[in-house]
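Chemist: Below are the structure tokens for one structure; questions will follow.
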Amino acid sequence: MCGIVGYVGEERAAPILLEGLQRLEYRGYDSAGIAVLREGQLAVVRRKGRVKGLGAARSLEGEIGVGHTRWATHGAPSERNAHPHVYGGVCIVHNGIIENAAALRAACEARGEVFSSDTDSEVIAHLIAAEKGDLLHATYSACRKLAGSYAVAVLSAAEPDTIVCARRASPLVVGCDERGLYVASDIPAVAAAGRKVYALADGEFAVLRKGSPPRFFDGALKAVGKQEIVYDAAEDIPAKGGFRHYMKKEISEVPEAVSRSLCDLSKGEFSDLCEVLCHTQYLHIVACGTAYHSGLCLQYAAQKFARIPAEAFIASEYRYSDPIVPPGTLAVAVSQSGETADTLAAAALAKERGAKVLAVTNVPCSSLERMSDFVLPTRAGREIAVAATKSFNAQLAALYSLAGALARGRERAAPPLAAAASCVREALAAAEQVRGWIPYFLGARSVFFLGRGADYFAALEGSLKLKEISYLPSEGYPAGELKHGTLALVDGRTPVVAIVTDPALADKTMNAVHEVYARGAAVFLITSVPACLPCAEVTASVLLPKCAPAYSPMLTSLPLQLLAYYVAIARGNDPDKPRNLAKSVTVE
Ligand code: AGP
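The numbers in my numbering rise by one with no breaks, and the one at position 19 of the sequence shown is 30.
Okay, structure coming up:
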């Protein structure tokens with residue numbers, strides 16, 4: 012998704028901006044650009060496509076500039092709509108969505124101003140250019156007119172040694188070292204040994220002026236102090252390590268991601284959280300996409316083992332659902348990136364209504380971590396491929412650990428989690444058999460993934476994975492629900508993947524297998540119940556090691572991730588950078 016970088020200091024800005032943009036590339040974008048200011052003149056280079064297309068910008072002279080990677084929301088992906096946008100000597104880069112852009116634009120056009128893009132963002136440059144006063148005050152006044160979300164970095168020909176930054180509901184961090192001052196939309200783009208990094212809080216502004224330390228201001232423009240963020244400067248984009256794609260590499264890292272993310276909550280560092288768990292009456296789990304699917308797995312495990320009422324919500328729905336948050340609610344916000352706008356907003360709403368917030372995230376110092384009362388880290392390591400794989404399994408390890416702690420707090424017991432985690436490597440080896448299934452999926456019209464109980468959540472995740480990187484239509488469905496309407500879609504061109512790990516439910520799910528087979532579907536089985544095999548109606552199967560059924564998505568997700576991966580590459584898609592998608596979804 013959109014990324015911001017900015018620099019002012021002693022060095023040439025262009026190479027620093029381009030390096031920063033490269034570090035943001037993994038987030039997904041469709042155009043890029045930089046602007047450098049020198050002797051009152053703004054030089055702007057923008058391109059549709061990759062950052063490497065900005066090669067010509069490397070030679071720009073000037074020690075102050077901003078850069079951007081754009082993921083189109085308003086206006087097509089094109090050079091014309093790429094940032095930075097310049098109007099009246101003011102240059103901006105913007106992440107977020109300006110919801111009242113149409114009305115603001117109309118007012119500017121009524122004054123005779125001409126727009127040069129179709130974006131919602133350009134209006135910010137127009138508003139700032141129309142304000143009086145210095146750049147900070149002009150930006151402040153302009154921001155007061157904006158509805159929606161923004162992280163913005165602003166240059167002005169009138170103040171050639173200053174970048175002004177502002178944020179609302181979209182992350183922004185500032186860095187400084189002896190070479191100069193930096194701004195970026197996330198920590199990896201500014202991280203460097205010896206560099207101090209500070210995060211802007213919602214509604215804050217920052218002024219980066221050459222030769223001075225950064226200054227920060229609250230929503231009333233009162234100067235505020237800032238704590239430095241402690242981060243891992245060594246963390247950089249990992250190499251592919253001999254793998255063709257990050258996605259395959261990351262799937263191969265699942266066993267380590269799981270074992271590192273198992274967590275003993277009775278240990279000292281979690282004592283405050285444990286205290287809260289003992290008094291927790293309800294769980295509200297908020298998340299998006301894959302993280303929502305791991306949230307469903309927590310809902311299931313917490314209810315089953317701790318007998319605590321738990322509900323997983325899609326964060327974008329929760330935030331507008333006027334939720335009832337009873338006293339004693341713990342809101343568990345699950346997010347790989349810790350920057351997902353909807354998850355942040357849902358967690359903030361739960362907090363506002365009295366819940367304590369527990370962040371379950373893979374990125375230390377993320378916005379989610381900073382706004383939460385407690386943190387349960389997932390330790391998957393940096394995930395680069397847009398499709399979440401190892402972070403899902405790591406979330407499950409951490410969330411099942413949480414379910415176990417909730418159970419113990421109620422003098423109940425959960426099945427041993429370590430036993431399930433120890434089967435992950437064996438499951439990964441078995442999962443490779445799905446490679447042989449590919450010919451059945453290449454010509455498919457659509458694909459169904461079926462399961463009951465925890466297998467249903469795995470089915471949802473398998474379907475999401477297939478959709479996002481193979482672009483095949485698919486659905487994850489509760490096995491028992493198919494016959495209530497959707498069975499009408501099943502024919503010889505709809506392969507069905509059935510997931511069966513709970514011996515108590517195996518016969519029930521196998522009934523659905525019989526039903527779809529009878530309608531001509533080729534059936535593929537992922538199971539840990541040997542009694543389901545052999546079955547004449549099953550075209551191919553993967554037999555996984557047994558574990559407690561509630562924990563089974565930690566294993567069944569592996570063949571599903573690999574199936575999506577192999578189908579995607581067989582269809583000629585880049586699984587690391589699927590079309591239209593971004594790694595970190597920082598807009599609503
Ligand atoms: C998963 O493969 C997706 N890329 C997506 O659904 C993702 O899980 C979702 O956007 C949430 O992201 P987060 O975990 O960083 O909050």
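Every residue gets a Cβ at the ideal spot worked out from N, C-alpha and C, and that includes glycine.
Quick one: what's got a C-beta closer than 6 angstroms to E133's C-beta in the same chain, skipping five residues either side?
Modeler: H96 and F126
Chemist: Is the separation between the beta-carbon of G144 and that of V77 shorter than 8 angstroms?
Modeler: no
Chemist: Is V445 helix, strand or coil when you go by DSSP?
Modeler: helix
Chemist: Do you know offhand how far L294's Cα is from P320's?
Modeler: 6 angstroms
Chemist: Shorter than 7 angstroms, the distance from the beta carbon of E2 to the closest heavy atom of the ligand AGP, or not?
Modeler: In this structure the chain extends from 12 to 599, so residue 2 is not present and cannot be described.
Chemist: Looking only at its chain, what residues have a beta carbon closer than 7 angstroms to the beta carbon of E21, apart from the 5 residues adjacent to it on each side?
Modeler: E74, R190 and G191
Chemist: Provide the residue span of the beta strand (DSSP E) that contains Y601, from first to last.
Modeler: No statement about residue 601 is possible, as the shown extent of the chain runs from 12 to 599 and does not include it.
Chemist: Just to confirm the assignment, what range does the beta strand (DSSP E) spanning D384 have?
Modeler: Counting along the chain, D384 falls outside any beta strand (DSSP E), and DSSP gives it neither H nor E.
Chemist: Please name the residue, chosen from A195, R179, A177 and R178, that lies closest to V185 on a Cα-to-Cα basis.
Modeler: A195
Chemist: Mind checking who D605 pairs with in its DSSP beta bridge?
Modeler: It is not possible to answer for residue 605, since the shown part of the chain is limited to 12 through 599.
Chemist: Quick one: give me the first and last residue of the alpha helix (DSSP H) that F468 is part of.
Modeler: A465 to S481
Chemist: Taking the alpha carbon of C13 as the point to measure from, which residue in V165, H79 and R23 has its own alpha carbon closest?
Modeler: H79
Chemist: Nearest CA to the CA of V19: which residue from V104, S223 and A509?
Modeler: S223
Chemist: Find out if the Cβ-Cβ distance for the pair G107, A210 is shorter than 8 angstroms.
Modeler: The Cβ atoms of G107 and A210 do not sit closer than 8 angstroms to each other.
Chemist: Who sits around the ligand AGP, taking every residue whose Cβ is closer than 6 angstroms to one of its heavy atoms?
Modeler: C299, G300, T301, A302, S346, Q347, S348, T351, T354, V397, A398, A399, E479, S595 and V596
Chemist: Can you list, in chain order, the residues of its chain whose CB lies under 8 angstroms from that of T389, leaving out five sequence neighbours each side?
Modeler: A268, S272, Q347, V371, T372, N373, S402, A405, Q406, A408 and A409
Chemist: Rounded to whole angstroms, what's the CA-CA distance from Y242 to S70? Just pull it up for me.
Modeler: Spanning the alpha carbons of Y242 and S70 requires a straight line of approximately 32 angstroms.
Chemist: The alpha helix (DSSP H) spanning H148 covers which residue range?
Modeler: L146 to R155
Chemist: From V598 to N522, what distance separates their C-alpha atoms?
Modeler: Their backbone Cα atoms lie some 42 angstroms apart in a straight line.
Chemist: Provide the residue(s) that pair with I103 in DSSP beta bridges, ordered along the chain.
Modeler: Looking at the DSSP output, I103 sits in a beta bridge with H96 and V165.
Chemist: Would you give the residue range spanned by the alpha helix (DSSP H) that P564 belongs to?
Modeler: P564 to A581
Chemist: Can you give the beta carbon distance from N92 to S160, rounded, assuming they're within the 8 angstroms contact cut?
Modeler: At roughly 18 angstroms, the Cβ-Cβ gap does not stay under 8 angstroms, so N92 and S160 are not in contact.
Chemist: If you measure between the beta carbons of V397 and A358, is that distance less than 8 angstroms?
Modeler: Cβ distance not < 8 angstroms, so V397 and A358 don't count as in contact.
Chemist: Can you tell me which of the three DSSP states L65 falls into?
Modeler: helix
Chemist: Is the beta carbon of R178 less than 8 angstroms from the beta carbon of D213?
Modeler: yes
Chemist: Looking at the strands, I want to know which residues DSSP matches up with I45.
Modeler: V56 and G78
Chemist: Suppose you measure from the CA of E142 to the CA of P225; what does that come to, to the nearest Å?
Modeler: Near 23 angstroms, if we compare the C-alpha coordinates of P225 and E142.
Chemist: Who are the Cβ neighbours of A532 in its own chain at under 6 angstroms, not counting the five residues just before and after it?
Modeler: Once the five neighbours on either side are set aside, the close Cβ partners of A532 are V501, T505 and V507.
Chemist: Count the other C-beta atoms from every protein chain shown that fall within 10 angstroms of the C-beta of E215, then say buried if there are 16 or more, exposed otherwise.
Modeler: buried
Chemist: Closer than 6 angstroms by C-beta to N111: which residues in its own chain qualify, once you throw out the five before and the five after it? Chain order, please.
Modeler: When the five nearest sequence neighbours on each side are left out, the beta carbons in the same chain lying within less than 6 angstroms of the beta carbon of N111 are those of A158, in order along the chain.
Chemist: Could you pull out every residue in the same chain whose Cβ sits closer than 7 angstroms to the Cβ of K494, ignoring the five residues on either side in sequence?
Modeler: E526
Chemist: How close, in whole Å, do the beta carbons of L453 and A581 come, if the pair is a contact with beta carbons under 8 angstroms?
Modeler: 6 angstroms
Chemist: Between L569 and Y467, what straight-line distance do the alpha-carbon atoms span, to the nearest angstrom?
Modeler: 15 angstroms
Chemist: What would DSSP say about C299, mapped onto helix, strand or coil?
Modeler: In this structure, DSSP gives C299 a state outside helix and strand, which the three-state scheme calls coil.
Chemist: Would you mind working out which of E422, F460, S327 and T550 sits nearest Q444, comparing C-alpha positions?
Modeler: Per the Cα distances, T550.
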